[in-house]
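Below is one structure; the comments refer to it alone.
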Amino acid sequence: MARWFAEAEAVVVLTGAGISTESGIPDFRGPQGVWTKNPAAQFMFTYQNYLADPEVRKQAWQARLASPVWTAEPNAGHRALADYERTGRLRAVLTQNIDGLHQAAGSSPELVVELHGTAREVVCLDCGDQNPMPGTLPRIEAGEEDPACLECGGILKSATISFGQELLPEVIEAAVAATRGADLFVAIGTSLGVYPAAGLCDYAIAHGTRLVVLNAEPTPYDEDASAVLRQPIGEVLPRLVQAASPV
Ligand SMILES: [Zn+2]
């Protein structure tokens with residue numbers, strides 16, 4: 007596998023929550039996952055409920071304020087991908103994560119495609135005004151329960167994709183464009199159970215791209231993968247990257 011990492015000329019990685027758990031950010035579907043422990047949460051925080059119910063927005067703002075994202079540091083897995091970028095072989099980091107830790111680890115922002123948006127930005131659902139989240143959180147700390155857009159009074163939300171909300175077409179296009187013609191597709195820390203992650207794997211397989219799965223739990227793509235690794239991401243990814251890097 008180290009040879010594949012060293013010889014591939016256009017590598018695309020797809021990362022999910024599993025790469026950030028070692029940074030203290032809980033995943034969703036793992037044994038200690040947010041939704042495993044509280045399945046009702048995913049049905050409550052839908053886009054439609056968020057729009058309709060101020061109480062849902064109030065709870066969502068409290069959750070944003072308390073989010074582990076604000077104190078999380080990138081881990082060895084994130085840093086390994088930033089290192090791998092220097093070999094010139096890494097074409098894109100497609101991520102389902104909203105924590106911004108790839109960029110924090112040194113991955114070039116233009117290589118990172120945030121499929122589900124980012125928790126680090128806030129967007130107005132009416133006028134589209136977008137700002138860094140840390141500008142809005144002090145309003146919650148100061149007692150506002152459901153802060154309105156300062157431009158138009160509209161509903162504010164993190165710039166993330168919620169249940170019931172469509173992914174941005176341009177983001178999907180960027181992910182497919184990166185996967186097109188790649189010779190190695192590495193799925194890291196994702197259960198590959200949902201769109202678009204599953205669709206990107208199908209696309210890679212259909213176009214003869216070698217698929218590697220690095221995930222603690224089994225995925226629906228393990229049988230199609232050229233290799234499957236179950237070891238902790240923060241241990242195995244740095245070793246693969248090191249073996250692939252010129253010394
Ligand atoms: Zn607005």
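For the sequence shown, my numbering begins at 7 and goes up steadily by one.
For every residue, glycine included, the Cβ atom is placed at its ideal position computed from N, Cα and C.
Between residue i and ligand 1, is the CB less than 7 Å from at least one heavy atom?
i      : result
GLU157 : yes
GLY160 : yes
ASP152 : no
ASP132 : yes
ASP59  : no
ASP135 : yes
With the cut-off set at 8 Å, would you say residue i and residue j are in Cβ contact?
i      : j      : result
ALA125 : THR77  : no
LEU6   : LEU100 : Nothing in the structure corresponds to residue 6, since the chain is present only between 7 and 253.
TRP119 : ALA210 : As written in the sequence, residue 119 is Val, which differs from the Trp given in the question. No; because the gap between Cβ atoms is not below 8 Å, this pair is not in contact.
SER168 : TYR53  : yes
ALA16  : ALA188 : yes
LEU117 : ALA86  : no
VAL129 : THR142 : no
PRO32  : GLY22  : no
ASP152 : ARG92  : no
LEU243 : GLY83  : yes
ASN221 : GLY199 : no
What's the C-alpha gap between residue i and residue j?
i      : j      : result
SER197 : LYS163 : 26 Å
TRP41  : GLY134 : 29 Å
TYR201 : PHE191 : 16 Å
GLU79  : ASN103 : 14 Å
ASN81  : THR215 : 28 Å
CYS207 : HIS108 : 21 Å
GLY24  : GLU150 : 33 Å
ASP230 : ALA14  : 19 Å
GLU88  : GLU61  : At residue 88 the sequence reads Ala, which differs from the Glu that was named. Cα-Cα distance, rounded: 40 Å.
THR160 : ALA154 : It is worth fixing the name first, because residue 160 is Gly in this sequence and not Thr. Going by the C-alpha atoms only, they are around 6 Å apart.
MET50  : PRO144 : 25 Å
LEU96  : TRP10  : 12 Å
PRO226 : LYS43  : 22 Å
GLY30  : GLY36  : 14 Å
PRO175 : GLN136 : 18 Å
ALA8   : ASP228 : 19 Å
ALA58  : GLY123 : 21 Å
CYS158 : VAL219 : 45 Å
ALA4   : ALA203 : As shown, the chain starts at 7 and ends at 253. That puts residue 4 outside it, with no answer to give.
LEU121 : PHE34  : 16 Å
GLU28  : ARG245 : 16 Å
Does the beta carbon of residue i come closer than 8 Å to any beta carbon on chain C?
i      : result
VAL219 : Of the chains in the structure shown, none is chain C; there is only one protein chain.
Smallest Cα separation from residue i: which of the options?
i      : options                           : result
SER73  : PRO140, GLU151 and LEU243         : PRO140
GLY240 : PRO226, ALA111, GLU151 and VAL75  : ALA111
PRO138 : SER113, ASP105, CYS158 and SER114 : ASP105
LEU131 : SER113, LEU156, GLY205 and SER114 : LEU156
GLY205 : ASN221, THR185, PRO60 and GLU223  : THR185
SER114 : GLY94, VAL219 and SER29           : GLY94
GLN48  : GLY123, GLN171 and ALA148         : GLN171
ALA148 : GLU223, PRO224 and TRP67          : TRP67
VAL18  : GLU28, ARG245, ALA183 and PRO238  : ALA183
VAL3   : GLU223, PRO224 and SER26          : Since the first residue of the chain shown is 7 and the last is 253, residue 3 is not available in this structure.
Write down the C-beta distance between residue i and residue j rounded to the nearest angstrom, noting that I regard them as a contact closer than 8 Å.
i      : j      : result
ALA250 : ALA12  : 4 Å
LEU71  : ILE178 : Actually they are not in contact, since the Cβ atoms of LEU71 and ILE178 sit about 30 Å apart, beyond 8 Å.
ALA247 : TYR56  : Note on residue identity: the sequence assigns Val, not Ala, to residue 247. Incorrect: roughly 39 Å between the Cβ atoms, too far for contact.
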